[in-house]
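In UniProt numbering, the protein residues as written are 1 to 186.
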């Protein structure tokens, strides 16, 4: 792997997410594999950059194909003056230090109820915490997510500092992928 401060510049089509869920409308783009290969890790990673000249900082998500994708919020899209379907110019550089991830409410409550697990959590690295959260959030069903929150607390309480047997790139498990895109109208 190359240095974590290496800048990548590329162009990519801005795609509409087929299912925005409860969020406001958003779009996304998939990084070319060559740009993703310059990143320090295949899992979630935070970058700073520009989209058509407009500055942003965001966490890239793995696409399960050894690359990443970027969620482009409506606010970023409007600030960069781009529309879905446009090819956008993107420049990204990994941040020097990964920011502390926000604890999801269910994990925050579980750790508050288990001081021994919280003590181990507090001594893990930021990247380990990113991976724990990613493992929990990658659950597709609510009962699986709750099971993972419970397992995380049990594993942390026993001293396990890293989530085991989770491929944060999604490549080997095929559990992660870029969102489905809305088909363009002909």
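Ideal Cβ positions, reconstructed from N, Cα and C, are used throughout, including at glycine.
Check whether residue i and residue j have beta carbons under 8 Å apart
i, j, result
"residue 72", "residue 31", "no"
"residue 17", "residue 27", "yes"
"residue 48", "residue 93", "yes"
"residue 107", "residue 152", "yes"
"residue 61", "residue 42", "no"
Residues that residue i bridges to, as DSSP identifies them
i, result
"residue 49", "56 and 92"
"residue 8", "92"
Buried or exposed by the 16-neighbour rule on C-beta atoms within 10 Å, applied to residue i
i, result
"residue 98", "buried"
"residue 173", "exposed"
"residue 85", "exposed"
"residue 148", "buried"
"residue 170", "buried"
Reduced DSSP category for residue i - H, G, I as helix; E, B as strand; rest coil
i, result
"residue 123", "helix"
"residue 3", "Because residue 3 sits at a pLDDT of 43, beneath the cut-off of 50, its placement in the model cannot be relied upon, and the following sentence gives the value as read from the coordinates. Coil at residue 3, not helix or strand."
"residue 130", "helix"
"residue 71", "strand"
"residue 30", "strand"
Closer than 8 Å to chain C by CB, residue i
i, result
"residue 150", "The structure shown contains no chain C, having only a single protein chain."
Whole-angstrom C-beta distance between residue j and residue i, which should lie under 8 Å
i, j, result
"residue 114", "residue 157", "6 Å"
"residue 166", "residue 135", "5 Å"
"residue 164", "residue 64", "Going by Cβ atoms, the distance from residue 164 to residue 64 rounds to 20 Å, so no, they are not a contact pair."
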